[in-house]
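Protein chains in written order, with our numbering: chain A, 669 to 942; chain B, 669 to 942. What follows is one structure encoded as structure tokens, with my remarks underneath.
There are 2 protein chains.
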Amino acid sequence: MKLIENWFSERYSDNLQLSFRVKDQLLSVRTDFQRIDVFDTYDFGKLLSIDGTVQLTERDEFVYHEMITMMPFVYSKVKPEKALIIGGGDGGAAGELAKLGLKRIVNVEIDGQVIEVCRKHFPDLVRSFTLENVELIVGDGIKYARTTEEKFDIIIVDSTDPVGPAEGLFNESFYKDIKKILNTGGVVVTQSGSPFYQPTAIGLAHKGMKPHFAKVKSYTAFIPTYPSGFWSFTMASDHDIGKSYRELPAGKYFNKEISASCFSLPEFVKTLIT
Amino acid sequence: MKLIENWFSERYSDNLQLSFRVKDQLLSVRTDFQRIDVFDTYDFGKLLSIDGTVQLTERDEFVYHEMITMMPFVYSKVKPEKALIIGGGDGGAAGELAKLGLKRIVNVEIDGQVIEVCRKHFPDLVRSFTLENVELIVGDGIKYARTTEEKFDIIIVDSTDPVGPAEGLFNESFYKDIKKILNTGGVVVTQSGSPFYQPTAIGLAHKGMKPHFAKVKSYTAFIPTYPSGFWSFTMASDHDIGKSYRELPAGKYFNKEISASCFSLPEFVKTLIT
């Protein structure tokens, strides 16, 4: 009988937490930007935490990564060939986009140590960075968006929550730069938090995007290891996002019906977007 | 500074738990059927737990109760006038149905002490049992379905998980009886668990319903205090459940778009239903 149990808990508030029993803590490092931890959990495989919040687990990362890549892929009016990912240092989004056949993927991650940690502990995800059509840049995505002369069909903001290093990724001035580097007929998407526990994040995303894009629409997905299990993404474009422009084979979460129905928002979520 | 913190944890497995900080434990009682606890939590108000699993909290019960009543209401082909609820001893489902204007609601709860506990701690929910058009029966719902000579337009199986007292509510022989007491054009719906943590429950519901009904369809909703935050319901009828037959004003979760889109199942959920 093992007398000591080790648990990693993510505190959703002072009064609520989700706890994973862990076999081992594989790493804990404080970088210039944030604290990174990796745990080997019993139920979810390896788990990456940043500043105490779950970023991904081996068991359920597929939901987040499919929904943040396949959705912009089918709703881009122009056939997507070039994509920019801001954040995404685990390589998951780049890997999904590469599978979708994009010709060029630029991934700008601000914290090089996220990439190093994932290289060691999530090699299957981070392998995408070795692909010939993927360019990995360790740097500030906000600055990159402001200064690059390249344009993209899909832009994915795969960031942490809108506090700390990711705060600027929800700003209106950031989306002004994004607009300039997005091709006509392209789409930009950002993760926009849990409508239940972080009710302001989805509104922030809309507020940042609306001045610059004709259409801004949120969609949701179920992600068991994210706070409340219910997550939002917000997408913007200058064309109608009402119908999809191309078909994709189903993933493990994404399928054709989900790609349309995920735009339906529960009534209380609608009230968060003004 | 308070040195002692009290937490109620629901264990989703040996290796995963969601914990609520509580101001007080208001009640703990073992009945002939199950153990009932009521906690006063900081974030979710009062919380009712049966056998250690969250049944409802004041803050998020609206999702479950809207989705288990409004969905059968709009998908019943016949205008719903008479409803049967099996389980539902908290009165939440009966209350929602009463608001929808049903003429007669019969609520059969097996454990009288659930009703007594809720009468004391959730008076706003349980008040529905005092309405003139609501008949409350303390008894075995399986036996009631087998022996009643009354017929209903909507039948709601608002039970605990398919272990313990609710096990029989997922059986094929139970749905044979349900079929006999369901009016032509009516619908039956049951909660069918978390597709992520209880992957067999949704299949059990289909297996129980399929021999007796032409159409069986599952839908999902996001319920933050239920395991994984993602919950399924399964509905059966002899008519097409593809389109709704009447409109309802939006609730706090339910609205017209949700009533259609909630039938879209993520790919991994489809594989649970054979």
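Backbone N, C-alpha and C fix where the C-beta goes; we use that ideal spot for every residue, glycine too.
Item: Proximal chain B residues relative to A:R689, where beta-carbon distance stays under 8 Å; Value: D682, N683 and L684
Item: Validate contact between the segment 901-908 of chain B and the segment 876-885 of chain B using beta carbons, cut 8 Å, 3 pairs; Value: yes
Item: Closer than 8 Å at the beta carbon, the chain B residues around A:S860; Value: Within 8 Å Cβ-Cβ: nothing; A:S860 doesn't reach chain B, min ~15 Å.
Item: Beta-carbon separation (whole angstroms), A:F838 vs A:G807, contact threshold 8 Å; Value: Between A:G807 and A:F838 the Cβ distance is about 19 Å, and since that is not below 8 Å, they are no contact.
Item: Whole beta strand (DSSP E) elements within the segment 682-723 of chain A, 3-residue minimum; Value: 684-698, 703-709 and 713-718
Item: Residue nearest to B:D711 in terms of C-alpha spacing, selected from B:V731, B:F676, B:Y743 and B:V697; Value: B:F676
Item: Residue(s) in a DSSP beta bridge with B:Y887; Value: B:F901
Item: 9 Å Cβ cutoff, A:C786 in contact with chain B; Value: no
Item: Residues that B:N923 contacts on chain A, provided the C-beta gap is smaller than 9 Å; Value: S932, L933, P934, E935 and K938
Item: Uninterrupted alpha helix (DSSP H) stretches inside the segment 727-754 of chain A (no shorter than 4 residues); Value: 729-743
Item: Contact set between A:T709 and chain B, taken where Cβ atoms lie within less than 9 Å; Value: N683 and L684
Item: Spatial distance of A:P895 from A:F864 (CA atoms); Value: 8 Å
Item: Beta strand (DSSP E) runs contained entirely in the segment 745-806 of chain B, provided each spans 3 or more residues; Value: 750-755, 772-777 and 802-806
Item: Residues of its chain near B:H789, where Cβ-Cβ distance is below 8 Å and the 5 sequence neighbours each way are ignored; Value: L694, L695, V706, K714 and L716
Item: Inter-residue spacing [alpha-carbon to alpha-carbon] between B:P830 and B:S860; Value: 8 Å
Item: Per-residue DSSP class, three states only, for B:E835; Value: helix
Item: Positions along the segment 875-898 of chain A whose CB lies within less than 7 Å of some CB in chain B; Value: F890, P892, S896, G897 and F898
Item: Helix, strand or coil at B:F922 according to DSSP, with G and I counted as helix; Value: coil
Item: Neighbouring residues, chain A, relative to B:I926 (Cβ below 7 Å); Value: S932 and P934
Item: Near-chain A residues of the segment 747-779 of chain B - C-beta to any C-beta below 7 Å; Value: none
Item: Contact with chain C by B:V731, beta-carbon distance below 9 Å; Value: Annotation note: the requested chain C is absent from the structure, which comprises protein chains A and B.
Item: Residues that DSSP places opposite B:E678 in a beta bridge; Value: B:L686
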